[in-house]
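Encoded as structure tokens, the structure appears first; notes follow it.
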Amino acid sequence: MMLDRFSGLAVRHLSPERFAWLRGQYLKLRNGAGPLLMRLNGRFDSDELKTHLRERLGEDYQVLMVHSSVNALAPMYTGNSLQLLGMLIDLCGPKRTLVMPAFYFGDPRYQGAMDTFTHQPRLDLRRTPSQMGLLTELFRRWPGVLHSKHPVYRVTALGPLAAKITAGHELADTPTGRGTPFDAMAELDASILGIGKTSDVLTQVHHPESVLGDDFPVPWQAQPRQIDMTLVDGAEEIAFAFGNRALLWRRNMHKLKGIMGRKDLREWRFHGVPMFATRAGLVSRKLIDAAARGQTIYDPP
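Residue numbers (the numbering used here): 488 to 788.
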């Protein structure tokens, strides 16, 4: 758990080069500890994982949003990334919709998304890879997968509700609020699953912040300017004004557990692999209700 939190802090506060170096060192240590990890945790294949997830998730959901880290499954998982993706598609079947993040936070040569789009205001949505891990990139390229049209918080989906979830993102006033995939997932009360991830990565927490806007009890700081961009989606070119505003207080995801409760935000380990599960509608409703009481997942300076 501490390692997962450290990783999140590292992404936010270290340069891309420094983070890549630290990540490489961690993976070397983890690979060296492979035999010990297997002795401690045992091994599992795709079928065993699918059976476990069915027990944990139940059957009462239309949409499954998955956050993942393939590296965190090693060396206990005997399959590969493609087999893991196939298992998740099979788990959802033809009547459910599988969703994953395909976020892009900018070219590592620049300082984040704003700097990237200042230098590169034309973004090809179909050619720009996901920065959320190998599984998400494989899914993004999978036949029939749809993507939302946003330069940073792009979401991909496969299934009967894929069009509903991904439509209109480029028209929304905020990246994660009304009219976005996160709004659709809250409305559909999507199941959210973490495989190899803790709830620290739960992007749905940004939905209530965006929905409440100025009524959210944490001060905002707007970007000083917007960038006029062109989003390219095949033959379609979309004019897009990219701007963002950031909350001035530091996010503390540990507070989410207190607001949600263990029943509604479940975290566990499967053969040593961190997992979590919750519902998008629950996350949004509980955080909106908490904000009305002046309670948030942010710490004042």
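The beta-carbon is built from N, C-alpha and C at its ideal position, and this holds for glycine as well.
Using only the alpha-carbon positions, how far apart do residue i and residue j sit?
i: T653; j: D670; result: 10 Å
i: R756; j: V586; result: 22 Å
i: S568; j: L621; result: 7 Å
i: G529; j: G566; result: 14 Å
i: L560; j: P616; result: 22 Å
i: V550; j: F592; result: 25 Å
i: K773; j: M747; result: 7 Å
i: P789; j: Y597; result: This structure does not reach residue 789, given that the chain is present from 488 up to 788, and the question cannot be answered.
i: L689; j: R628; result: 23 Å
i: R541; j: A778; result: 33 Å
i: P761; j: I682; result: 7 Å
i: Q691; j: M525; result: 33 Å
i: R641; j: H634; result: 7 Å
i: L544; j: R609; result: 40 Å
i: Q710; j: L527; result: 48 Å
i: Y548; j: H539; result: 16 Å
i: H758; j: R780; result: 39 Å
i: N558; j: T623; result: 13 Å
i: S555; j: Q618; result: 12 Å
i: L699; j: P595; result: 32 Å
What distance in whole Å lies between the Cβ atoms of residue j and residue i, which are believed to be in contact at a cut-off of 8 Å?
i: T765; j: D751; result: 6 Å
i: A728; j: D720; result: Going by Cβ atoms, the distance from A728 to D720 rounds to 17 Å, so no, they are not a contact pair.
i: A600; j: V632; result: Not quite, the Cβ-Cβ distance comes to about 23 Å (not below 8 Å), so this is no contact.
i: D687; j: A767; result: No, D687 and A767 are not in contact; Cβ-Cβ is about 17 Å, not under 8 Å.
i: I784; j: L743; result: 5 Å
i: T584; j: L523; result: Contact flag wrong, Cβ pair sits at about 39 Å.
i: T643; j: A589; result: 5 Å
i: E754; j: T663; result: So it is not a contact: roughly 22 Å between Cβ atoms.
i: L572; j: L625; result: 5 Å
To which residues does DSSP link residue i through a beta bridge?
i: I725; result: L718
i: P588; result: V642
i: Y564; result: F531
i: V553; result: L680
i: P761; result: R756
i: H634; result: T643
i: Q607; result: None, per the DSSP bridge assignment.
CB-CB under 7 Å to residue i, same chain, minus the five flanking residues each way: which ones, in chain order?
i: K636; result: L612, H656, E657, L718, D720 and I725
i: W736; result: V705, Y785, D786, P787 and P788
i: E535; result: none
i: M740; result: S686, D687 and I784
i: R738; result: I784 and Y785
i: D532; result: T565 and G566
i: P581; result: none
Below 6 Å CB to CB, which residues in the same chain sit around residue i once its five sequence neighbours on both sides are set aside?
i: T661; result: S697
i: S771; result: A673, H694 and P695
Going by beta carbon distance, what residues of the same chain come within less than 8 Å of residue i, once the five residues before and after it are set aside?
i: K537; result: M574, D577 and L578
i: D602; result: G593
i: H707; result: Here residue 707 is Trp; the residue named in the question, His, does not match the sequence. Within the same chain, W707 has close Cβ partners D701, R732, A733, L734 and L735.
i: F493; result: Since pLDDT at F493 reaches only 49, below the 50 mark, its modelled position is unreliable, and no value is offered.
i: Q713; result: A728, F729 and G730
i: F604; result: G593, L610, P638, I714, M716 and F729
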